[in-house]
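**Student:**
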Amino acid sequence: MTLLAADDLAFGYPGREIGRGLSVQLAAGEALALLGPNGGGKTTLLKTLLGLLPARAGTVRVAGRPLESLTARERAQAMAYVPQAGASAFAFTARAVVLMGRTSRTGLLSAPSRADHAAAEGALARMGIAHLAERPVTRLSGGERQLVLVARALAQEPRIVVLDEPTASLDFGNQGRVMAEILRLRADGLGLLFTTHDPNQAARYADRALLLRGGSALAAGPVAAVLEAGTLGRLYGAPVEEVRDTATGARAFLPG
Amino acid sequence: MSGIALAGARAVRLGGPWLALLALVLAAALAFGVGRYPVSLLDVARVLLARLTGHAPDVAPAVEAVVLQIRGPRIAAAILIGAALSVAGTAFQGLFRNPLVSPDILGASSGAALGAVLGIWLSLGVLAIEGLAFAGGLLAVACVYALGAALSGRDPVLVLVLAGVVIGSLLGAGVGLIKSLADPYNQLPAMTFWLLGSLSATHPSDLLPLAGPVVLGTGLLLLLRWRLDVLSLPDEEARSLGLATGPLRVAVVAAATLVTAASVAAAGIVGWVGLVVPHLARFLVGPGFGRLIPTAALLGAGTLLTIDTLARTVAPVEVPLGILTAFVGTPVFLWLLARAERDWS
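For the protein sequence lines, the chains are S and L, in the order given.
The first sequence: position 201 = 201 (my numbering), numbered continuously.
The second sequence: position 37 = 1037 (my numbering), numbered continuously.
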């Protein structure tokens, strides 16, 4: 079923339109990769789909309901956002950060309940980081911190998880580890939407890709069809080479 | 970090609020007992018990007067103001995502100072001066908030802080102007003394106008404390977690301003407490606001009470409170800075 549907969407900031005429579909159990050059509007589009920025035109529906009719609390119960892990002003423990994911399920004046604590522990365990629970996030590595943020998103019990460059600051090994953990969530029927700078990541982990250039879709569809050297070259305005393993059929893209 | 160290840190976090409460009780016992007219703790207990049960106490009338009329109100004011400034400072440090923020960052103290100095210059009565100080504090923050909202760009919190700094320095100039116009023999010393902060003139009748706003504002922050963790995240992240950050930010600013303006109106400018105590509390119970806010309230009450006891006992004349808080606060803050390094844990 379709969890997220944007139709003829125009997005941007007050007085500055960044994209127009865009349609996005995300189904349960599906991963959609958002690719495009810097300044192409990827993050702005994510924020518009999350309801953090108002859409300038068009409609966004979350599980059939218009996005603008949802309260902040209802939005958070449907969609979780994993931002790029930034610096934290306070040394909250990993457990405390994951517990923050329960905000939309807790009363304004309430302390986290037993159920909230259980959900947080469950999310930590699912991402395989239960042993980090008591550690201050300021002392975690980039990869560990990213997993904490994904666990926080899980504690929200959303139907859609939106990730902004989930592996941007990670080393090569952690990129694979974090993406593998994230992709397991598809099996639970969650819809995943992530941005990436790496076409190989999209080809490897996503079902479909949306190529965003200058605020509109250059191409959209199954990764096998959409991701090819010519289209990617036009997307980034630079030559891209495709290499293929003739034995397994695995593909990779190289810049330049 | 080893498992044992983690378990130890956890035990301290659980016991932290009780430690702060113990410190407050000890500070109160000390404050009642010492001074120019020493009173035994037994007599203090007798007077307070008699007051609670409605009987006449079995002590000399002078002892009763010292406990109920002189030290009692002053102790109550120190507890209220210490708790209020510490809770407001803790909430503001979260709201502004900056551990160097104090409760007067948005100009509450500068506005109150201008109001009080204006009242002294116009030779108004004590109540009118306190009223002007209170109104000045509220008005200053209202101006800052309106300015911040009008200019609001991508980062509403940063714009708010910058507006606070700008308005604060303008109000400081206003204070300087009135001081330069004031009568140098009568008014100027009164202004200077007020700006340095003191609880020496606390009268029983001062307690109600102080306690009203302080209980209201501190109570609101205590109620909202579980949401302050999320409010300390970047705005969009907090909203994506389902928090309506706009209304909550207004509530926190209003509550913190109410208690700061009421405190400054009653005691003059008492710096440092609202900056340092949140760090001490964080050191005890960690950064989670749910436990931090009540701990900061208890610790702040005990801290200001102890400093005020020092202010009236260390020298033959009263030492202004603002000077003592700076003398005590600076080394404590530097020690915390050295310990916590970059992560403020």
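Beta carbons are placed, not taken as given, at the ideal position from N, Cα and C, and that holds for glycine.
1) Exposed or buried, S:Met-1, counting other C-beta atoms within 10 Å across all chains shown (16 or more means buried)?
2) What's the gap between the Cα of L:Ala-1163 and the Cα of L:Leu-1106?
3) Report yes or no: do three or more beta-carbon pairs, one from the stretch 1300-1307 of chain L and one from the stretch 1061-1079 of chain L, lie closer than 8 Å?
4) Measure the alpha-carbon distance for L:Pro-1184 versus L:Val-1175 and round it to whole angstroms.
5) Under a Cβ-count criterion, where at least 16 other Cβ atoms within 10 Å of its own Cβ denotes burial, should S:Phe-92 be classed as buried or exposed?
6) Under the rule that 16 or more other beta-carbon atoms within 10 Å means buried, what is L:Ala-1311, buried or exposed?
7) Going by beta-carbon coordinates alone, are S:Arg-126 and S:Asp-116 separated by less than 8 Å?
8) Using beta carbons (cut-off 8 Å, strictly below), is L:Asp-1343 in contact with chain S?
9) Going along chain S in order, which residues have a C-beta closer than 9 Å to the C-beta of L:Asn-1098?
10) Who are the Cβ neighbours of L:Met-1001 in its own chain at under 6 Å, not counting the five residues just before and after it?
11) L:Gly-1125 touches chain S at which residues, Cβ-Cβ below 8 Å?
12) Less than 8 Å separating the beta-carbons of L:Leu-1231 and L:Leu-1243?
13) Given that a residue counts as buried once 16 or more other Cβ atoms are within 10 Å of its Cβ, and exposed if not, what is S:Arg-65?
14) So the alpha helix (DSSP H) S:Thr-103 belongs to, where does it begin and stop?
15) With a cut-off of 8 Å, do at least 3 Cβ pairs link the stretch 8-18 of chain S to the stretch 72-81 of chain S?
16) Grab the span of the alpha helix (DSSP H) containing S:Met-179 for me, first residue to last.
17) Among S:Gly-214, S:Glu-144, S:Leu-99, which residue has its Cα nearest to the Cα of S:Asp-171?
18) Just reading off the beta strand (DSSP E) that L:Leu-1068 is part of, what are its end residues?
19) Could you tell me the alpha carbon to alpha carbon distance between L:Gly-1217 and L:Tyr-1145, rounded to whole angstroms?
20) Taking only the alpha-carbon atoms, compute the straight-line gap between L:His-1203 and L:Pro-1073 and give it to the nearest angstrom.
21) Check whether the Cβ of S:Arg-152 sits closer than 7 Å to any heavy atom of the ligand HEM, and report yes or no.
22) For L:Trp-1018, go through chain S and note every residue whose CB falls closer than 9 Å to its CB, in chain order.
23) Taking DSSP's pairing of strands, which residues face S:Glu-134 in a bridge?
24) Would you call the CB atoms of L:Gly-1016 and L:Thr-1295 closer than 8 Å?
25) Could you tell me which whole alpha helix (DSSP H) segments of length 4 or greater appear in the stretch 22-65 of chain S?
26) Pull up the CB-CB distance for L:Asp-1229 and S:Ala-96, whole angstroms please, since I reckon it's below 8 Å.
27) What would DSSP say about S:Glu-17, mapped onto helix, strand or coil?
28) Counting only Cβ pairs nearer than 7 Å, list the residues of chain S close to L:Ser-1240.
29) Indicate whether at least one CB of chain S lies closer than 8 Å to the CB of L:Asp-1155.
30) Give a yes or no on whether the minimum CB-CB distance between S:Ser-216 and chain L is below 8 Å.
31) Taking L:Arg-1236 as the query, report the chain S residues whose CB atoms sit under 7 Å from its CB, ordered along the chain.
32) Go ahead and label L:Ser-1180 buried or exposed: buried means 16 or more other beta carbons lie within 10 angstroms of its beta carbon, across all protein chains shown.
33) If you draw a straight line from the C-alpha of L:Trp-1344 to the C-alpha of L:His-1279, how long is it?
34) Per the DSSP calculation, S:Val-240 is bridged to which residue(s)?
35) Among residues of its own chain, excluding the 5 on either side of S:Arg-135, which ones have a beta-carbon nearer than 7 Å to its beta-carbon?
36) To the nearest angstrom, report how far apart S:Glu-68 and S:Leu-4 are at their CA atoms.
**Tutor:** Looking at the atomic coordinates:
1) Its Cβ having fewer than 16 others within 10 Å, S:Met-1 is exposed.
2) Between L:Ala-1163 and L:Leu-1106, the alpha-carbon positions lie close to 8 Å from each other.
3) The stretch 1300-1307 of chain L vs the stretch 1061-1079 of chain L: in contact.
4) If you draw a straight line from the Cα of L:Pro-1184 to the Cα of L:Val-1175, it comes to about 14 Å.
5) Looking at its Cβ environment, which holds 16 or more other Cβ atoms inside 10 Å, S:Phe-92 is buried.
6) Its Cβ being crowded by 16 or more others within 10 Å, L:Ala-1311 is buried.
7) S:Asp-116 sits away from S:Arg-126, with the two beta carbons spaced by 8 Å or more.
8) Because L:Asp-1343 sits at a pLDDT of 47, beneath the cut-off of 50, its placement in the model cannot be relied upon, and the following sentence gives the value as read from the coordinates. The C-beta of L:Asp-1343 comes closer than 8 Å to at least one C-beta of chain S.
9) For L:Asn-1098, the chain S residues whose C-beta falls within less than 9 Å of its own C-beta are Ala-89, listed in chain order.
10) Here the model assigns L:Met-1001 a pLDDT of 44, short of 50, so the residue's position is not dependable, and the following value carries that caveat. Nothing listed; no residue qualifies.
11) Chain-ordered listing is empty here: chain S has no CB closer than 8 Å to the CB of L:Gly-1125, the nearest sitting near 40 Å.
12) Their beta carbons are under 8 Å apart, which means L:Leu-1231 touches L:Leu-1243 by this criterion.
13) The residue in question, S:Arg-65, is exposed, as its Cβ has fewer than 16 Cβ neighbours within 10 Å.
14) Premise fails: S:Thr-103 is in no alpha helix (DSSP H) and is neither H nor E.
15) With a cut-off of 8 Å, the stretch 72-81 of chain S and the stretch 8-18 of chain S do not count as touching, because too few Cβ pairs lie within range.
16) Element bounds for S:Met-179: 172-183.
17) Of the listed residues, the one whose Cα sits closest to S:Asp-171 is S:Glu-144.
18) L:Leu-1068 -> no beta strand (DSSP E), and no H or E assigned at all.
19) Rounded to the nearest angstrom, the gap between the Cα atoms of L:Gly-1217 and L:Tyr-1145 is 18 Å.
20) Answer to the nearest angstrom: the Cα atoms are 6 Å apart.
21) Looking at this structure, you won't find the ligand HEM or any other ligand, since it has none at all.
22) Ordered by position in chain S, no residue passes the 9 Å Cβ test against L:Trp-1018, which lies about 18 Å from the chain.
23) Bridge pairing for S:Glu-134: absent [DSSP].
24) Pairing L:Gly-1016 with L:Thr-1295 gives a Cβ-Cβ distance under 8 Å.
25) List check, alpha helix (DSSP H) in window: 42-49.
26) Yes, L:Asp-1229 and S:Ala-96 are in contact; Cβ-Cβ is about 7 Å, under 8 Å.
27) Strand.
28) Correct list: Leu-50, Leu-52, Ala-76, Tyr-81.
29) By this cut-off, L:Asp-1155 is not an interface position.
30) False, the Cβ-Cβ gap to chain L never drops below 8 Å.
31) Inspection of the sequence shows that residue 1236 of chain L is occupied by Glu rather than by Arg. Under a criterion of Cβ atoms nearer than 7 Å, the residues of chain S adjacent to L:Glu-1236 are, in order, Lys-47, Leu-52.
32) Within a 10 Å sphere around the beta-carbon of L:Ser-1180 sit fewer than 16 other beta-carbons, which makes this residue exposed.
33) Residue placement at L:Trp-1344 cannot be trusted, given a pLDDT of 47 that sits under 50; the coordinates are not used to answer.
34) DSSP output for S:Val-240 lists S:Pro-255 as bridge partner(s).
35) Sequence-distant Cβ neighbours of S:Arg-135 in its own chain, meaning closer than 7 Å and more than five residues away, are Thr-93, Ala-94.
36) Here the alpha carbon of S:Glu-68 sits roughly 13 Å from the alpha carbon of S:Leu-4.
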